[in-house]
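K.L.:
Quick one: the structure is below, questions incoming.
There are 2 protein chains.
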Amino acid sequence: MKGVAVENGASEAVGGGSNLSHRIETLLRERILKWSYPPGLHLGEIALCAEFKASRIPVREALRILAEQGLVDKVPNQGCFVKQPDVEETQQLYDMRLALELFVVESLASAGSLSLDWLKEQRVYWEPLLAVKADDTADRDALVDADTLFHFGLAEALGNQPICNALRDINARLRFVRLAAITNAHRIQETAGEHLAVLDALEKRDAEAARRSLRQNINHSRNKVELAIGRALMSVHKKRG
Amino acid sequence: MKGVAVENGASEAVGGGSNLSHRIETLLRERILKWSYPPGLHLGEIALCAEFKASRIPVREALRILAEQGLVDKVPNQGCFVKQPDVEETQQLYDMRLALELFVVESLASAGSLSLDWLKEQRVYWEPLLAVKADDTADRDALVDADTLFHFGLAEALGNQPICNALRDINARLRFVRLAAITNAHRIQETAGEHLAVLDALEKRDAEAARRSLRQNINHSRNKVELAIGRALMSVHKKRG
DNA sequence: GCTCGTGCCATTGTATACAATGATGTTATA
DNA sequence: TATAACATCATTGTATACAATGGCACGAGC
Chain E
27 MKGVAVENGA
37 SEAVGGGSNL
47 SHRIETLLRE
57 RILKWSYPPG
67 LHLGEIALCA
77 EFKASRIPVR
87 EALRILAEQG
97 LVDKVPNQGC
107 FVKQPDVEET
117 QQLYDMRLAL
127 ELFVVESLAS
137 AGSLSLDWLK
147 EQRVYWEPLL
157 AVKADDTADR
167 DALVDADTLF
177 HFGLAEALGN
187 QPICNALRDI
197 NARLRFVRLA
207 AITNAHRIQE
217 TAGEHLAVLD
227 ALEKRDAEAA
237 RRSLRQNINH
247 SRNKVELAIG
257 RALMSVHKKR
267 G
Chain R
27 MKGVAVENGA
37 SEAVGGGSNL
47 SHRIETLLRE
57 RILKWSYPPG
67 LHLGEIALCA
77 EFKASRIPVR
87 EALRILAEQG
97 LVDKVPNQGC
107 FVKQPDVEET
117 QQLYDMRLAL
127 ELFVVESLAS
137 AGSLSLDWLK
147 EQRVYWEPLL
157 AVKADDTADR
167 DALVDADTLF
177 HFGLAEALGN
187 QPICNALRDI
197 NARLRFVRLA
207 AITNAHRIQE
217 TAGEHLAVLD
227 ALEKRDAEAA
237 RRSLRQNINH
247 SRNKVELAIG
257 RALMSVHKKR
267 G
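Those sequence lines, one after another, are chains E and R.
Adding 26 to a residue's 1-based position in the first sequence gives its number in my numbering.
Adding 26 to a residue's 1-based position in the second sequence gives its number in my numbering.
As structure tokens, then:
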């Protein structure tokens, strides 16, 4: 381990990879996802070079990757801009997620290849949340992570790498919006119920029921997120005006 | 300047994008897909620099993109290698394609949003192929293109950009293998029949039937490709031995 | 004969520099 | 005042150069 002597003013430890490109990429992604860089912000290569005290090469690499993942927009001769939340695109990403996950649960139900340990583990997590109280200030980040683990765990159980990768990418593009997906106690209960329904169906190897429950879950989430994007855009506009 | 005696006579005009990275990327992809670069071939940055008379920067970019698309493997401290056809990965890509396309036809059938023009156009193309003769030396490339257009047309009709992009990527990764998918008259007839069945189901807005026919079509294709990969690998091994 | 250390080399990451392209802003003229 | 030509700047693509890391082979020592 070597001491990382070169760091920017915000000297938070960047867990990221070993090379500078990756560190910059991680930092940028973090700031974009946390809205620390507001949507529409111009990300000039030279400005970023100054900010990270790096040359253009690593910055370019980072921007390229973020552009591929859809977190920044690359306008041909003007530079990069922090992606604006886009309702239509978000809906479409949700649809793609739905497409992949429907297939996943259908396959899992047919194959019955889901480990019982995992099923139990998920049950243990979600069942208590059926009775969550309104004023329960549950850790939202933890909930979002658990939700991710639930969905991602299904995909992993199928063992299809391309599908897992695609879902990971979709998740990255949706995450800064999904923070708003689980907002209140009602939605937490609802989510828990839907997840448990999926688990039940998988255990019974009922593919149709699994598809139905999963579709319900994702569509509910999608609807919440649509509202959240509206709010977020409004707030951004307010800040600008 | 080092006199590296690498002469590629391929001075053909590369239609590709305007920048060097993109041209190199296109050339490399072409050669990999055409098996002009055999699987496992080491693609050293410096060798490629010499070959394309470019500096490392564009070459790196090209290699990176190809690595992302899965056409080359990037081994941490050894460089890039032309991807070996991988039966398991191919199967998984087919599964992912199936996942996306099942959702596409299901949605299209439910929404009934497929243009009648497109339906007719596809019918006109595939119906004659039901009666193709054994010795009919149809243009295989044209058939593969038509097949691609059929499947891609469905996705486009749904208008979901992320799904279209994903399918395009999958196609790129499968293409050098799919050339072997439609091999004989029997399979051509079968394919035509399956496609027409999908079209019928979509016209009747029967989502289940559409899913069934599409699944059949893709699974048949998948099976053929599995055999083709086996043959290809065998041939490569023979050449090596 | 086997194992371990060392030095060389390929790969990789990064920095700096230069050319070209397209956008923007300014000024001069009608 | 409006428009057109021009100057300037930001972005982008590319080249060359240097540092660092890890692998591999060769040779020395046990």
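Backbone N, C-alpha and C fix where the C-beta goes; we use that ideal spot for every residue, glycine too.
Values in this document were obtained by computation on a predicted structure and should not be read as measured data.
Ignore the nearest five residues each way along the sequence and tell me which others in E/L140's own chain have a CB closer than 6 Å to its CB.
P.N.:
The residues are L134, A183, L228.
K.L.:
Hey, which unbroken runs of the alpha helix (DSSP H) at 4 residues or more fall wholly within the segment 29–107 of chain R?
P.N.:
List check, alpha helix (DSSP H) in window: 46–59, 71–78, 82–94.
K.L.:
For a contact meaning CB atoms closer than 8 Å, what does R/I255 contact in chain E?
P.N.:
Neighbours of R/I255 on chain E: none; closest Cβ ~16 Å, over 8 Å.
K.L.:
CB-CB under 8 Å to R/I58, same chain, minus the five flanking residues each way: which ones, in chain order?
P.N.:
Counting only Cβ-Cβ distances below 8 Å, and skipping sequence neighbours, we find L92, L97, V98, V108, K109, F202.
K.L.:
Between the alpha carbons of R/N197 and R/Q187, how many angstroms are there, rounded?
P.N.:
So the alpha carbons of these two residues sit roughly 15 Å apart.
K.L.:
Could you pull out every residue in the same chain whose Cβ sits closer than 8 Å to the Cβ of R/S81, ignoring the five residues on either side in sequence?
P.N.:
Here the set comprises C75.
K.L.:
Three-state secondary structure (DSSP) at R/N210?
P.N.:
Here R/N210 sits in coil by DSSP.
K.L.:
What span of residues does the alpha helix (DSSP H) with R/E147 cover, start to end?
P.N.:
That run of the alpha helix (DSSP H) goes 142–152.
K.L.:
Quick one: is R/L225 buried, meaning 16 or more other Cβ sit within 10 Å of its Cβ, or exposed?
P.N.:
R/L225 is buried by the Cβ-count criterion.
K.L.:
Does any C-beta atom of chain R lie closer than 8 Å to the C-beta of E/A39?
P.N.:
At E/A39, the pLDDT of 34 sits below 50, so the modelled position is not reliable; the number obtained from the coordinates is stated separately. Answer no: the Cβ-Cβ gap between E/A39 and chain R never drops below 8 Å.
K.L.:
Note down the Cα distance separating R/Q117 from E/M260, rounded to an integer number of angstroms.
P.N.:
Looking at the two C-alpha atoms, the distance is approximately 45 Å.
K.L.:
Rounded C-beta distance between E/L200 and E/E127? I'm assuming under 8 Å.
P.N.:
13 Å between Cβ atoms; not a contact.
K.L.:
Near E/Y120, what residues of its chain come up, given a Cβ to Cβ distance below 6 Å and the 5 sequence neighbours on each side ignored?
P.N.:
These residues qualify, in order along the chain: R248.
K.L.:
Kindly list, in the order they appear in chain E, the residues whose Cβ is closer than 9 Å to that of R/D121.
P.N.:
Residues of chain E passing the Cβ test: F129, S133, L184, N186, P188, I189.
K.L.:
Please report whether the beta-carbon of E/K28 lies at a distance below 8 Å from any beta-carbon of chain R.
P.N.:
With a pLDDT of 30 at E/K28, under the threshold of 50, the predicted position of this residue should be treated as unreliable, though the coordinate-derived value follows. So, not an interface residue.
K.L.:
Considering Cα atoms alone, identify which of E/V130, E/G256, E/T174 is closest to E/Y151.
P.N.:
Among E/V130, E/G256, E/T174, the Cα nearest to that of E/Y151 belongs to E/T174.
K.L.:
With DSSP run on the structure shown, which of helix, strand or coil describes R/P188?
P.N.:
Reduced to three states, the DSSP call for R/P188 is helix.
K.L.:
Quick one: does E/L140 have its CB under 8 Å from some CB of chain R?
P.N.:
Output row for E/L140: interface = no.
K.L.:
Where do the ends of the alpha helix (DSSP H) carrying E/Q118 lie?
P.N.:
Start and end: 113–137.
K.L.:
By the criterion of Cβ-Cβ separation under 9 Å, what are the contact partners of E/A235 in chain R?
P.N.:
Per Cβ cutoff of 9 Å: no residues; E/A235 is ~16 Å from chain R at best.
K.L.:
At a Cβ threshold of 8 Å, is R/Q242 touching chain E?
P.N.:
No, its Cβ sits nowhere closer than 8 Å to a Cβ of chain E.
K.L.:
Quick one, which of R/A73, R/V113, R/L89, R/E77 has its alpha-carbon nearest R/K250's?
P.N.:
Checking every option, the nearest Cα to that of R/K250 belongs to R/V113.
K.L.:
Verify whether the separation of the beta carbon atoms of E/L169 and E/R123 is less than 8 Å.
P.N.:
Taking 8 Å as the Cβ cut-off, E/L169 and E/R123 do not qualify as a contacting pair.
K.L.:
Just checking: is the beta-carbon of E/A125 within a distance shorter than 8 Å of some beta-carbon in chain R?
P.N.:
Yes, E/A125 counts as interfacial toward chain R.
K.L.:
Check whether the Cβ atoms of E/A218 and E/L155 lie closer than 8 Å to each other.
P.N.:
Cβ distance < 8 Å, so E/A218 and E/L155 count as in contact.
K.L.:
So, with DSSP's three-state summary, where would you put R/G267?
P.N.:
For R/G267, the pLDDT reaches just 34, beneath the cut-off of 50, and the residue's location in the model is therefore unreliable, although a value from the coordinates is still provided. Three-state DSSP puts R/G267 in coil, outside helix and strand.
K.L.:
Which residues of chain R have a Cβ atom closer than 8 Å to the Cβ of E/A192, listed in chain order?
P.N.:
Correct list: M122, A192.
K.L.:
According to the Cβ coordinates, are R/F176 and R/Q148 closer than 8 Å?
P.N.:
Yes; because the gap between Cβ atoms is below 8 Å, this pair is in contact.
K.L.:
Can a CB atom of chain R be found closer than 8 Å to the CB of E/Q148?
P.N.:
So no, E/Q148 is outside the interface.
K.L.:
Looking only at its own chain, which residues have a Cβ that is under 8 Å from the Cβ of E/D195, when we skip the five neighbours before and after it?
P.N.:
Result list for E/D195: Q95, in chain order.
K.L.:
Against E/Q215, what residues of chain R qualify as contacts under a CB-to-CB distance less than 7 Å, listed in chain order?
P.N.:
Correct list: empty, because the minimum Cβ distance to chain R is about 28 Å.
K.L.:
Determine, using beta carbons only, whether R/P111 and R/P65 come nearer to each other than 8 Å.
P.N.:
For R/P111 and R/P65, yes; Cβs fall inside 8 Å.
K.L.:
For R/Q104, go through chain E and note every residue whose CB falls closer than 9 Å to its CB, in chain order.
P.N.:
Going along chain E, no residue has its Cβ under 9 Å from R/Q104, so there is no contact; the nearest lies around 17 Å.
K.L.:
Is it the case that the Cβ atoms of E/A88 and E/S47 are separated by a distance below 8 Å?
P.N.:
Yes, the Cβ-Cβ distance between E/A88 and E/S47 is below 8 Å.
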